[in-house]
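Sequence lines, in order, name chains A and B. Going by UniProt numbering, the first residue of the first sequence is number 1, and it counts up by one from there. Going by UniProt numbering, the first residue of the second sequence is number 1, and it counts up by one from there. All residues carry an ideal CB built from backbone N, CA and C; glycine is no exception. Remember, predicted model here, so these are calculated numbers, not experimental data.
2 protein chains.
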Amino acid sequence: MGLVVQKYGGSSVADAASVKRVAQRIAATKRAGHDVVVVVSAMGDTTDELIDLAEQVTPVPGGRELDMLLTAGERISMAVVAMALGNLGVEARSFTGSQAGVITDSAHGKARIIDVTPGRIREALADGAIAIVAGFQGVSQDTKDITTLGRGGSDTTAVALAAALDAEVCEIYTDVDGVFSADPRIVPAARKLPRLAYEEMLEMAACGAKVLHLRCVEYARRFSLPIHVRSSFSDRTGTWVTDISRTDPSSTQEGSDVEQPIISAVAHDRSEAKVTVVGVPDKPGEAARIFRAVAEAGTNIDMIVQNVSSVATGRADISFTLPKTDGTSAVAALRKVQPAIGFEDILFDDGIGKVSLIGAGMRSHPGVSATFFDALATAGVNVEIISTSEIRISVVVRAESVDEAVRAIHTAFDLDDPDGAAVVYGGTGR
Amino acid sequence: MGLVVQKYGGSSVADAASVKRVAQRIAATKRAGHDVVVVVSAMGDTTDELIDLAEQVTPVPGGRELDMLLTAGERISMAVVAMALGNLGVEARSFTGSQAGVITDSAHGKARIIDVTPGRIREALADGAIAIVAGFQGVSQDTKDITTLGRGGSDTTAVALAAALDAEVCEIYTDVDGVFSADPRIVPAARKLPRLAYEEMLEMAACGAKVLHLRCVEYARRFSLPIHVRSSFSDRTGTWVTDISRTDPSSTQEGSDVEQPIISAVAHDRSEAKVTVVGVPDKPGEAARIFRAVAEAGTNIDMIVQNVSSVATGRADISFTLPKTDGTSAVAALRKVQPAIGFEDILFDDGIGKVSLIGAGMRSHPGVSATFFDALATAGVNVEIISTSEIRISVVVRAESVDEAVRAIHTAFDLDDPDGAAVVYGGTGR
């Protein structure tokens, strides 16, 4: 009966009634004999409301002050959760990120955790109390200013604390039952995955599955910390994310044939756009100049393809995908370097979607690609860009073909749940 | 051009528009060459809303967690004020009570300031920035937990910081023009007092004037720190509270005759009730047993009167006043000790009011009492209890006579403003 770290998102603590329900669950975990550390996000829409308030005062709030403002949100939720536990007769103490020892760099709004020194949490646990910790926040090592961790910050806080406290498991509570083999709103027969390897979860997070953030999975993998993604609305087992690959027979809970290619899930992402730089002079270094210009505009590029250069013109086209929201600044950056590089044009296309097949088993099964592209061809889906890793195949298709592509691949790899339709899934990228 | 500490209450920072207005004023003070430290309360009704939230979760929120919750209110306002200053091109940094070095004891909800170590504030000022500090909060020296200072806490934070930083003045911004010679809703000709001694302000605060809290005036007096009470809606000079007595000719700005008894103001208070313990055996120690019982119920007694004991019965009546809100618990405590002490009955009367005349000049002018009681007699006001200090005379009268008593005394001491009616005054105890 070791330590359990539980993380509850904003929708799990949206109002007083939700907070009371969460408190019941926390108290039950404690009664079962565990030490419990709880990480909470801000209640419901609190963070958005605080951002609205800031924008009423200034169009460009400073990072230090915006972090100070936003961290009020978790301060409220953690105190209220601790009170609700007190009302159940369970001692709970709330701690800010700073009090919990979440030490970060000074990058306001997207701080990185440098160290976790949870001395006060250990004291609270030693006293038999439950520790409630504000997610998403920390304190800068250099300036002692309050910082926020940015997207996925509360999940990352939970995993970081769990690692520092050597917890048995980090439970991430959400409003869905776990990680699914596809978005059930597209594939009604998608099934809940009982178990995923870290690298599969990382690929899924990178490919549009929103249930866990890339960053928290990376952190968990580094410390081999098991994550259990589950619903705060039920007691069902969710999805375990661990370092035991699903191709390891001892972990194959479903008794499936381990010699079959093990494919976990189909992910999709409609948040990207495609930029094509037309007629790039085919000289060494031109592609690097293009990508440097885009990087300096603060944009992360995802997939890249360069077509074969035309013998007649000595020029090639380079296409890449990037977050839609970065499109304007990336195109502007490219326009600036156009005269120097001498390419012909820039095309911006936000009518695309990305569909990915993920599975740790595919690395040893050469037939996966063939099945994948057969399925797309049979469904009449045209592929614009292809990108692969050892455990993933991704394609860019027209946005309107995404649903059809997801369904075709899901069926082709026998991922459909034999027991019928899954519950509706709110956690992937639509 | 020294350091100015400014404190803005919740009504001065109620919404984004108010925050922007306050930021303009702060920026103007900085531009005038001052170093500026600003103490803010929570915006508008934030604190009440947070208390409501706590009550939805538990009827008895723990003190530690309630303080953690409530301090989110000032965290929001201080960050927003700092952002608004940033928007004006003025560098401002916000600090929590803990970051500002407000060290307290561990009495959650009513913590006392033990020490102020404003190292980070000094750094910010040295960098040319304005420091924005959360009022009402500190950090416990022993437990390192976040505390709140209770009633008058933000004013006290401002005065304590001003003292620790050796400020020229602590400006308390409010929604009235300063401290008045009486409540203008009762006395339309009441005038704004340009200057008051600490002890006069203390007596006024104790007698129902709500514009400054007793505790912050006591703190300012201990450090001889000038307080300037003024309106956040105008640039007019308000009321200076200093240790220069108004009988000191050098401080008599109005050129009045210093040989005249200097009377500052008439205060009134309708928040008290009167308890009469009837037929107390006239033996040494009985009064002490009564007041001990009331004190153990957590009640502060204000005025006390004991009538002459009856020769026939050997018994006397003891009356005292106390906050109306403490009436139930005080009476219950007395009922418990009634058999042991053997008094006859307890009467509770919440239909009273207290009217007080305050002025540092009255100590050397024996005619003051005569004029005071003449005025009440002429107005037909019956006096139930009398209490005096060197610079104050207070009487308990029927609640319905309070207005008449205030007007009669105000006129009798020539306090009416020769220039006519003052602006309406929202700061005293109605």
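Rounded C-alpha distance that separates E203(A) from A129(A): Your numbering for residue 203(A) matches position 203 in the first sequence. Your numbering for residue 129(A) matches position 129 in the first sequence. If you take the alpha carbons of E203(A) and A129(A), they lie about 37 angstroms apart.
Neighbour flag for I393(B) against chain A, beta carbons, 8 angstroms: Within the second sequence, numbered from 1, the residue matching residue 393(B) stands at position 393. No, no contact with chain A.
Start-to-end residues for the alpha helix (DSSP H) that takes in V406(B): By 1-based counting over the second sequence, the position of residue 406(B) is 406. That run of the alpha helix (DSSP H) goes 402 to 412.
One or two residues paired with V169(A) in a DSSP bridge: The count along the first sequence starts at 1 and reaches residue 169(A) at position 169. Paired residue(s): V4(A).
Within-8 angstroms CB hit, E65(A) to chain B: For the purposes of this step, residue 65(A) is taken as residue 65 along the first sequence, with counting starting at 1. At least one chain B Cβ lies under 8 angstroms of E65(A).
Beta strand (DSSP E) runs contained entirely in the region 113 to 166 of chain B, provided each spans 3 or more residues: 113 to 116, 130 to 134, 137 to 140, 146 to 148
Distance between R270(A) and R407(A) (C-alpha atoms, nearest Å): Start at 1 with the first residue of the first sequence, and residue 407(A) comes out as number 407. Start at 1 with the first residue of the first sequence, and residue 270(A) comes out as number 270. If you take the alpha carbons of R407(A) and R270(A), they lie about 16 angstroms apart.
Endpoints, the alpha helix (DSSP H) within which F372(A) is located: Against the first sequence, residue 372(A) aligns to sequence position 372. Element bounds for F372(A): 367 to 378.
Within 8 angstroms, strictly: CB atoms of A42(B) and S77(B): Start at 1 with the first residue of the second sequence, and residue 42(B) comes out as number 42. Start at 1 with the first residue of the second sequence, and residue 77(B) comes out as number 77. Yes, they are a contact pair.
Delimiting residues of the beta strand (DSSP E) encompassing R195(A): Indexing the first sequence from 1 puts residue 195(A) at position 195. Start and end: 195 to 197.
Integer Cβ distance of K7(A) from C207(A), believed to fall under 8 angstroms: Counting from 1 along the first sequence, the entry for residue 7(A) is found at position 7. Counting from 1 along the first sequence, the entry for residue 207(A) is found at position 207. So it is not a contact: roughly 22 angstroms between Cβ atoms.
Span separating the alpha-carbon of S329(B) from that of A297(B): For the purposes of this step, residue 329(B) is taken as residue 329 along the second sequence, with counting starting at 1. For the purposes of this step, residue 297(B) is taken as residue 297 along the second sequence, with counting starting at 1. Cα-Cα distance, rounded: 6 angstroms.
Other residues of its chain near S94(B): CB distance less than 6 angstroms, five sequence neighbours each side excluded: Position 94 of the second sequence, counted from the first residue, corresponds to residue 94(B). M78, A79, A82, I132, listed in sequence order.
Burial state of E272(B) (16 or more Cβ within 10 Å): Within the second sequence, residue 272(B) is the residue found at index 272, counting from 1. The residue in question, E272(B), is buried, as its Cβ has 16 or more Cβ neighbours within 10 Å.
Opposing strand residues paired with G353(B) [DSSP bridges]: Position 353 of the second sequence, counted from the first residue, corresponds to residue 353(B). BP columns for G353(B) point to V397(B).
heavy atom of the ligand GDP below 7 angstroms from M43(A) C-beta: As for the ligand GDP, it is missing from this structure, which has no ligand bound.
Cutoff 8 angstroms: I76(A) Cβ touching any chain B Cβ: Numbered from 1 along the first sequence, position 76 holds the residue referred to as residue 76(A). Yes, contact with chain B.
K274(A) - containing beta strand (DSSP E), residue span: As a working note, residue 274(A) is residue 274 in the first sequence. Unbroken beta strand (DSSP E) run through K274(A): 272 to 281.
Proximity test, Cβ basis, 8 angstroms: P118(B) and chain A: Numbered from 1 along the second sequence, position 118 holds the residue referred to as residue 118(B). By this cut-off, P118(B) is not an interface position.
Within-8 angstroms CB hit, K30(A) to chain B: Stepping through the first sequence from its first residue, residue 30(A) is reached at position 30. Output row for K30(A): interface = no.
Cβ of G62(A) within 8 angstroms of any chain B Cβ: Here residue 62(A) refers to the residue found at position 62 when the first sequence is read from its first residue. G62(A) counts as touching chain B.
Same chain only: Cβ atoms within 8 angstroms of I290(B), ignoring 5 sequence neighbours per side: On the second sequence, position 290 is the one that residue 290(B) refers to. If we look at I290(B) and ignore the five residues flanking it on each side, its Cβ neighbours are V277, V280, I318, L334, V337, I341, F343.
Nearest residue (CA-CA) to K274(A), options D326(A), A316(A), V229(A), P284(A): Taking the first sequence and counting its residues from 1, the one referred to as residue 274(A) is at position 274. That would be D326(A), whose Cα lies nearest to the Cα of K274(A).
Opening and closing residue of the alpha helix (DSSP H) in which V211(B) lies: Taking the second sequence and counting its residues from 1, the one referred to as residue 211(B) is at position 211. First-last for V211(B): undefined, no H or E at that position.
Near-chain B residues of the region 48 to 61 of chain A (beta-carbon distance less than 8 angstroms), N- to C-terminal order: L50, L53, A54, Q56, V57, T58, P59, V60, P61
Test: G89(B) CB closer than 8 angstroms to a CB of chain A: Taking the first residue of the second sequence as position 1, residue 89(B) is located at position 89. So no, G89(B) is outside the interface.
Interfacial residues, the region 330 to 348 of chain A to chain B, with Cβ spacing under 9 angstroms: none
Cutoff 8 angstroms: L149(B) Cβ touching any chain A Cβ: Translated into positions along the second sequence, residue 149(B) becomes position 149. No, its Cβ sits nowhere closer than 8 angstroms to a Cβ of chain A.
Pair within 8 angstroms by beta-carbon distance, I393(B) and F372(B): Here residue 393(B) is taken as the residue at index 393 of the second sequence, counted from 1. Here residue 372(B) is taken as the residue at index 372 of the second sequence, counted from 1. The answer is yes: Cβ separation under 8 angstroms.
Span of the alpha helix (DSSP H), counted from its first residue to its last, around R191(A): Against the first sequence, residue 191(A) aligns to sequence position 191. Note, R191(A): premise wrong, no alpha helix (DSSP H); not H, not E.
Unbroken beta strand (DSSP E) run spanning Q306(A), endpoints: In the first sequence, counting from the first residue as 1, residue 306(A) sits at position 306. 304 to 306 is the span of the beta strand (DSSP E), which, as asked, contains Q306(A).
Within 8 angstroms, strictly: CB atoms of V402(B) and V355(B): One-based indexing of the second sequence puts residue 402(B) at position 402. One-based indexing of the second sequence puts residue 355(B) at position 355. Their beta carbons are under 8 angstroms apart, which means V402(B) touches V355(B) by this criterion.
Cα-Cα separation between T252(B) and L70(B), rounded to whole angstroms: One-based indexing of the second sequence puts residue 252(B) at position 252. One-based indexing of the second sequence puts residue 70(B) at position 70. Because T252(B) sits at a pLDDT of 44, beneath the cut-off of 50, its placement in the model cannot be relied upon, and the point is left open.
Proximity test, Cβ basis, 8 angstroms: R93(B) and chain A: Indexing the second sequence from 1 puts residue 93(B) at position 93. By this cut-off, R93(B) is an interface position.
Exposed unless 16 or more other CB atoms sit within 10 angstroms - verdict on S98(A): Working through the first sequence from its first residue, we reach residue 98(A) at position 98. So S98(A) counts as buried.
Contact set between the region 11 to 25 of chain B and chain A, restricted to residues whose Cβ is under 7 angstroms from the partner: A16, V19, K20
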